[in-house]
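J.: Chains as they are written, first to last, in our numbering: chain A, 176 to 501; chain B, 2 to 518. Note that the Cβ used here is the ideal one computed from N, Cα and C, for glycine as well. Quick caveat, the model's predicted, so the values are computed rather than measured. Input: one structure, supplied below.
Below, the structure is given as structure tokens:
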């Protein structure tokens, strides 16, 4: 089966529409971020999370009222399938009682409150307590890892291609990170360690996608440079469209399997990947190449004279360009 | 050509064989992380300041002794913090300096406001801190081993003063935490007065001014038996201990005269001699057995005691735990818990089941997708996915890499994203076929032209994965390592294995005109 046989869509014509659409989504995400703040999970903010497994059916409301009297705002959720009778209880960082013996105070209070509320017998299936020191440490390392990874990839693409391409690829990747964050906020997911891992994976995936197109652009520029960068980019996007869609498809399918069957603990991770893969595919086609073209300062298609020497591709292309310029 | 082929097929067979041998049977060979197996993950911080404080206090005590012996007049020699002390009111500076030379090997002296301030030298402070953490690490290791946990992990973690403890399959977290953290500092000290019902009452007995060499410590009421914290009483005890934790030779389970649980301990030779003299000199006075700044019991010294004693009035559980902690030695400093993650075994089981289901579902979907899109050539991709997964599992068992929940996610992603290289190649072959240069030329061109694209995509993914590895703790590292191994073995399977299969198929049909792709 062949999809997109001799595809010839004019993606580049849509670049401004795409940029506006993306700006809107990212803008909405940023606005949400400014008003509500990043919804950090306990891995980063510190706090306590308990998964309580009841021996018999009970209602979330009964659990909620049992712990209502405790200080701070508790979050009570069904954990996994209702038939498993597991309830997630999350507590914010207890003020004052920071480390040491005070660390598990919140967890102990919850257990006592549940016991005295006459709920069915229960077991603690999972208990996570993260102190503020570790949380702050992870925040710092998470930001550091994301930024370093973006920087390292920019340098690599800058070396292998050229700077305007690197900027295009990174813009597309940043776009995906922000779109993913925006969707996480829209759908009420917390930023956990797993989610950050997924975001870093998305940066790798998104850049991958972009590189495939840029590689093709570089190759096409060797034989078709007279037709102008814009045309060549559009051609390359079309030529690799089959691959872009199929790879997105297989990745999406495997992540979907993870989302559907991977269990509660990996749901945030899988959701982040689903959004990231979709956004990555879109940004590869519409954003990365558009920015590469805009930064290269090319004029509209057909304006062949505009192919100035400095726009030549890296490696062989660059050498030719220099030769012509001198 | 054929010879080359045999060599390639042989290599592939060996790689597959080694991989399967490495991870089979998987329940034994693939190590499971705490999130899949159940257990507890703890991060502790060693308060290394404690060790420095002891060093400073000991130095101060020694200096005072030396000054007094040499008849040097001073008004104040006192610790002002964990790492510094003050000396004031000296009249004969030269005589003082003769005595302070010892302290100055460890402390820097500076003249400040009519006296000297001594601060510990930074390199020595650092060395002391490192030693303290190492000692704590060794002590915790001994305790964890006494607990009888299979394959525990006790290691340094991130910042200098942090220790990671992982105990797979432990269900009684509270007890494990207590045993790990209890300082287990055993001291025998003289009791001045007590017991008092409250701290205030103890103070009043001394007209609210405690002698400089004494302090008030909480204790337990004798006679309340195993009721534990039923009543707290207070004792006024000497600050200086006659016997300290490191004088201890051994501790073991025992029974007291009423057949109640007790811990019997024996002292080292030199401590026993000292203790003998000490008890002789203090006949008829109260002797307190103090564990972690808490008076466990007080007995009147009836006669000369040399090398053994007993902690009584404790419950059976306390006895068991105290034997473990006393035997493993005292911790050089107290510790805080910074992080605790406990996973119950049932949740871990469910996660394993979910992970296996998701992996199989992901694999099934991707295989179906590839067969629909690429027909017979899709089989080629399926073979390379499966070989990729076998190598991944094989290397994970060999290195070994612990399989964690995010690791499972990395496994599934390897299925979905690893196929990308195959797709790149197949799509290129399709394009080349359209230019009608023949199947063989198209296949060769497909592989050759895409090679650098595959290198570029793998390098950029590796960059992200390596930084993830550097960022991550436990489970996330598992994910990163899975991704990295998956990426590397993918180059082998998608390029080498896949191409070999193509050539094997084409060598049977010398003049192939069509390819099922």
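1. What does a CB cutoff of less than 7 Å around residue 375 of chain B pick up in its chain, not counting 5 residues either side in sequence?
2. Of all the CB atoms in chain A, is at least one closer than 8 Å to the CB of residue 414 of chain B?
3. Taking the straight line between their C-alpha atoms, what separation do you get for residue 275 of chain A and residue 166 of chain B?
4. Interface residues of chain B around residue 228 of chain A at Cβ under 9 Å?
5. Kindly indicate if chain A contains any beta-carbon less than 8 Å away from that of residue 428 of chain B.
6. Against chain B, which members of the region 301-320 of chain A pass a CB distance test of less than 8 Å?
7. Can you confirm whether residue 452 of chain B, when its beta carbon is compared against all beta carbons of chain A, has any partner nearer than 8 Å?
8. Secondary structure at residue 181 of chain A, three-state DSSP: helix, strand or coil?
9. Should residue 388 of chain B and residue 17 of chain B be called a contact, given that it needs their Cβ atoms to be closer than 8 Å?
10. Going along chain A, which residues have a C-beta under 7 Å from residue 40 of chain B?
11. Quick one: Cα of residue 8 of chain B to Cα of residue 308 of chain A, how far?
12. Excluding the five sequence neighbours on either side, which residues of its own chain have a C-beta within less than 6 Å of the C-beta of residue 501 of chain B, listed in chain order?
13. With DSSP run on the structure shown, which of helix, strand or coil describes residue 53 of chain B?
14. Name, in chain order, the residues that DSSP records as bridge partners for residue 239 of chain B.
15. Closer than 7 Å by beta-carbon distance: list the chain B residues that pair up with residue 380 of chain A, in chain order.
16. Kindly indicate which residue of B:467, B:274 and B:298 has the alpha-carbon position closest to the one of residue 243 of chain B.
17. Could you spell out the range, first to last residue, of the beta strand (DSSP E) harbouring residue 300 of chain A?
18. Leaving out five residues on either side along the sequence, give the residues of the same chain with a beta carbon under 7 Å from the beta carbon of residue 409 of chain A.
19. Can you tell me the Cα-Cα spacing of residue 200 of chain B and residue 128 of chain B, whole angstroms?
20. At a CB-CB cut-off below 9 Å, which residues of chain A make contact with residue 329 of chain B?
21. Counting only the same chain and skipping the five closest in sequence on each side, list residues whose C-beta sits under 7 Å from that of residue 190 of chain A.
22. For the region 325-340 of chain B against the region 173-184 of chain B, are there 3 or more C-beta pairs whose distance is under 8 Å?
23. Give the DSSP-derived three-state secondary structure of residue 75 of chain B in the structure shown.
24. Ignoring anything shorter than 4 residues or poking outside the region 305-357 of chain A, list the alpha helix (DSSP H) runs there in chain order.
25. Would you identify the three-state DSSP class for residue 316 of chain B, choosing helix, strand or coil?
26. Check whether chain A comes within 8 Å of residue 270 of chain B, counting only Cβ atoms and requiring the distance to be less than that.
27. If we ignore side chains and look at the alpha-carbon of each, how far apart do residue 476 of chain A and residue 407 of chain A end up?
28. Would you mind giving the Cβ-Cβ distance between residue 226 of chain A and residue 196 of chain A, rounded to the nearest angstrom? I have them listed as a contact below 8 Å.
29. Under the rule that 16 or more other beta-carbon atoms within 10 Å means buried, what is residue 423 of chain B, buried or exposed?
30. With DSSP as the reference, identify every bridge partner of residue 223 of chain A, one or two as the case may be.
31. Which of helix, strand or coil does DSSP assign to residue 83 of chain B?
32. To be precise: take each residue of the region 350-362 of chain B, compare its Cβ to all Cβ atoms of chain A, and keep it if any distance is under 7 Å. Which residues remain?
33. Going along the chain, which residues of its own chain have a beta-carbon closer than 7 Å to the beta-carbon of residue 282 of chain A, five neighbours each way excluded?
34. Check each residue of the region 417-435 of chain A: if its Cβ is closer than 8 Å to any Cβ of chain B, include it; give the result in chain order.
35. Apart from the five residues just before and just after residue 443 of chain B, which ones in its own chain have a Cβ nearer than 7 Å to its Cβ?
T.: Taking the geometry as given:
1. 382, 427 and 518
2. yes
3. Reliability of the predicted coordinates at residue 275 of chain A is poor, the pLDDT of 49 falling under 50, and the value obtained from them is presented with this limitation in mind. If I take the Cα positions, the gap works out to 15 Å.
4. 345, 347 and 348
5. yes
6. 301, 302, 303, 304, 305, 306, 308, 309, 312, 313, 316, 317, 319 and 320
7. no
8. coil
9. yes
10. Within 7 Å Cβ-Cβ: nothing; residue 40 of chain B doesn't reach chain A, min ~11 Å.
11. 56 Å
12. 9
13. helix
14. B:215
15. 418
16. B:274
17. 297-305
18. 185, 186 and 187
19. 38 Å
20. Those within 9 Å of residue 329 of chain B in chain A number zero; the least Cβ separation is about 21 Å.
21. 461 and 465
22. yes
23. coil
24. 307-335
25. coil
26. no
27. Residue placement at residue 476 of chain A cannot be trusted, given a pLDDT of 43 that sits under 50; what the coordinates show is reported in the next sentence. Near 9 Å, if we compare the C-alpha coordinates of residue 407 of chain A and residue 476 of chain A.
28. About 39 Å separates the two Cβ atoms, so there is no contact after all.
29. buried
30. A:266 and A:304
31. coil
32. 351, 352, 355, 356, 358, 359 and 362
33. 223, 225, 302 and 304
34. 417, 418, 421, 422, 424, 425, 426, 427, 428, 429, 430, 431, 432, 433 and 435
35. 430, 433 and 434
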